[in-house]
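Colleague:
In the numbering used here, the protein residues as written are 382 to 704.
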């Protein structure tokens, strides 16, 4: 009795892997989309205000001397600057007020300048997923190698949404009907979380130390999830120019969005992967908080966890894709 284990290229489990290998990055670029580019001589503060004004989360950085893109400016940079240089509500953050992007990059990166991770438009979406996950990044610029132009910034969210558009046309692998628990998808150990009265500066420290993109807000009585504070919420400090007082609580920081906030998007470990994919795409969020029957936090399922399972190492295939 021989069990033939097929690679992801041939088995039914590998249907999403094959889909990603058969589509190019340019297939996913919208006909019109906004791309903001910053010159590295721009002041850091102006750059963050420009992110807010344009409603974007990241921008490629152009260095005129090199005539090329050298990096990305993201909300994480804003967080690191605040976290590193904040003293008290009474002291202005000089580094934020006065530095140019290039000065900040020299200080922060010191000698660790790495080339910008990017992808050409004719690379497959499979390569894009692999690059995002392998490099532990959330934004992958598509750069045309011929012209040197940046065309679009790829994210996990955009890729999963694209895949979901075609799900109904593809055969459904058996693992889509299995639960998160059975498939062991998500993080369930040592989850970073905060409380409603946690100071913003403390939350920023946790973002940097733990390298997470969101912190569930858990009530004082136990582990019941009442809110979530994400890196994206931090940019509101720039929008409201309130970044000089980081001793305020996270609850105060989150008041601005109460009118349209629909609550934390949750799931439980017994729900199927199919249900989870639908929910995360419909809600347009970057992660689901996994809770038990008491609404207490037990874990987090991120877009990268889901793409890893659907595309890089689908259950029931040889795990050669994850190399």
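All residues carry an ideal CB built from backbone N, CA and C; glycine is no exception.
Just so it is clear, the structure is predicted and the values come from calculations on it, not from any experiment.
1) Under the three-state reduction of DSSP, which class applies to residue 651: helix, strand or coil?
2) Going by DSSP in three states, residue 514 sits in which element: helix, strand or coil?
3) May I have the straight-line CA-CA distance separating residue 657 from residue 648, to the nearest angstrom?
4) Contact between the segment 676-691 and the segment 545-552 is defined here as three or more beta-carbon pairs at a separation below 8 Å; is this criterion met?
5) Rounded to a whole number of angstroms, what is the C-alpha to C-alpha distance between residue 486 and residue 494?
6) Near residue 567, which residues of its chain fall below 7 Å by C-beta distance, leaving aside the five closest residues on each side in sequence?
7) Tell me whether residue 557 sits in a helix, a strand or coil according to DSSP, three-state version.
8) Since residue 683 is in the beta strand (DSSP E), which residue starts that stretch and which ends it?
9) Touching or not, the segment 521-541 and the segment 426-443, by the rule of three or more beta carbon pairs under 8 Å?
10) Is residue 572 helix, strand or coil when you go by DSSP?
11) The alpha helix (DSSP H) with residue 397 in it runs from where to where?
12) For residue 521, which of helix, strand or coil comes out of DSSP?
13) So, with DSSP's three-state summary, where would you put residue 593?
14) Note the first and the last residue of the continuous beta strand (DSSP E) segment covering residue 335.
15) Look at the Cβ atom of residue 556, then the Cβ atom of residue 697, and state whether they are nearer than 8 Å.
16) Please report the straight-line C-alpha distance between residue 619 and residue 394, rounded to a whole angstrom.
17) Beta-carbon separation of residue 631 and residue 598 under 8 Å?
18) Spell out a yes or no on whether the segment 441-450 and the segment 416-425 are touching, meaning 3 or more CB-CB pairs, one atom from each, closer than 8 Å.
19) In this structure, what does DSSP give as the bridge partners for residue 608?
20) Looking at the strands, I want to know which residues DSSP matches up with residue 453.
21) Identify whether residue 495 lies in helix, strand or coil by the three-state DSSP scheme.
22) Report all residues from its chain with a CB closer than 7 Å to the CB of residue 539; omit the five preceding and five following residues, and keep chain order.
23) Taking only the alpha-carbon atoms, compute the straight-line gap between residue 676 and residue 606 and give it to the nearest angstrom.
24) Beta-carbon within less than 7 Å of residue 569's beta-carbon, same chain only, minus the 5 sequence neighbours each way: which residues are those?
25) Give a yes or no on whether the C-beta atoms belonging to residue 400 and residue 616 are separated by under 8 Å.
26) For residue 397, which residues in the same chain have their Cβ closer than 6 Å to its Cβ, ignoring the five residues on either side in sequence?
27) Which word fits residue 382, buried or exposed, when buried means at least 16 other C-beta atoms lie within 10 angstroms of its C-beta?
28) Compare the beta carbon distance of residue 575 and residue 595 with 8 Å and say whether it is the shorter of the two.
Modeller: From the atom records:
1) Along the chain shown, one-based indexing puts residue 651 at 270. The three-state reading of DSSP puts residue 651 in coil, since its state is none of H, G, I, E or B.
2) Position 133 of the chain shown, counting from 1, holds the residue named residue 514. In the three-state scheme derived from DSSP, where H, G and I count as helix and E and B as strand, residue 514 is classed as helix.
3) Position 276 of the chain shown, counted from the start, is the residue given in the question as residue 657. Position 267 of the chain shown, counted from the start, is the residue given in the question as residue 648. Using only the alpha carbons, I get a separation of about 7 Å.
4) No: fewer than three Cβ pairs fall under 8 Å.
5) Here residue 486 is taken as the residue at index 105 of the chain shown, counted from 1. Here residue 494 is taken as the residue at index 113 of the chain shown, counted from 1. The C-alpha of residue 494 is placed about 9 Å away from the C-alpha of residue 486.
6) Numbered from its first residue, the chain shown carries residue 567 at position 186. Same-chain partners within the cutoff: 561, 671, 680, 681, 682 and 686.
7) Position 176 of the chain shown, counted from the start, is the residue given in the question as residue 557. Correct three-state label for residue 557: helix.
8) By one-based count along the chain shown, residue 683 stands at place 302. In this chain, the beta strand (DSSP E) harbouring residue 683 covers 678-683.
9) Result yes; three or more Cβ-Cβ pairs closer than 8 Å.
10) For the purposes of this step, residue 572 is taken as the residue at position 191 of the chain shown. Correct three-state label for residue 572: coil.
11) As a position in the chain shown, residue 397 is number 16, starting the count at 1. It spans 396-402 - the alpha helix (DSSP H) in which residue 397 sits, taken as one unbroken run.
12) Here residue 521 refers to the residue found at position 140 of the chain shown. It is a strand residue.
13) Along the chain shown, read from residue 1 onward, the residue named residue 593 stands at position 212. When DSSP states are grouped into helix, strand and coil, residue 593 belongs to the coil group.
14) It is not possible to answer for residue 335, since the shown part of the chain is limited to 382 through 704.
15) Translated into the one-based positions of the chain shown, residue 556 becomes position 175. Translated into the one-based positions of the chain shown, residue 697 becomes position 316. Yes, the Cβ-Cβ distance between residue 556 and residue 697 is below 8 Å.
16) In the chain shown, the residue the question calls residue 619 occupies position 238. In the chain shown, the residue the question calls residue 394 occupies position 13. Cα to Cα, the separation comes out at about 45 Å.
17) Here the question's residue 631 lines up with position 250 in the chain shown. Here the question's residue 598 lines up with position 217 in the chain shown. Yes; because the gap between Cβ atoms is below 8 Å, this pair is in contact.
18) Verdict: yes, contact present.
19) The count along the chain shown starts at 1 and reaches residue 608 at position 227. DSSP output for residue 608 lists 598 as bridge partner(s).
20) Here residue 453 refers to the residue found at position 72 of the chain shown. Beta bridge pairing from DSSP links residue 453 with 441.
21) The count along the chain shown starts at 1 and reaches residue 495 at position 114. Looking at residue 495 - three-state DSSP - the assignment turns out to be coil, as it is neither helix nor strand.
22) For the purposes of this step, residue 539 is taken as residue 158 along the chain shown, with counting starting at 1. Same-chain partners within the cutoff: 409.
23) Taking the chain shown and counting its residues from 1, one reaches residue 676 at position 295. Taking the chain shown and counting its residues from 1, one reaches residue 606 at position 225. Cα to Cα, the separation comes out at about 6 Å.
24) Numbered from 1 along the chain shown, position 188 holds the residue referred to as residue 569. Excluding residues within five positions, the ones whose Cβ falls inside 7 Å are 679 and 680.
25) Taking the first residue of the chain shown as position 1, residue 400 is located at position 19. Taking the first residue of the chain shown as position 1, residue 616 is located at position 235. Taking 8 Å as the cut-off, the Cβ atoms of residue 400 and residue 616 do not count as close.
26) Here residue 397 refers to the residue found at position 16 when the chain shown is read from its first residue. Excluding residues up to 5 positions away in sequence, 691 and 692 lie with their Cβ nearer than 6 Å to the Cβ of residue 397 in the same chain.
27) For the purposes of this step, residue 382 is identified with residue 1 of the chain shown, where counting begins at 1. Residue placement at residue 382 cannot be trusted, given a pLDDT of 48 that sits under 50; what the coordinates show is reported in the next sentence. Under this definition residue 382 is an exposed residue.
28) For the purposes of this step, residue 575 is identified with residue 194 of the chain shown, where counting begins at 1. For the purposes of this step, residue 595 is identified with residue 214 of the chain shown, where counting begins at 1. Not in contact: residue 575 and residue 595 (Cβ atoms no closer than 8 Å).
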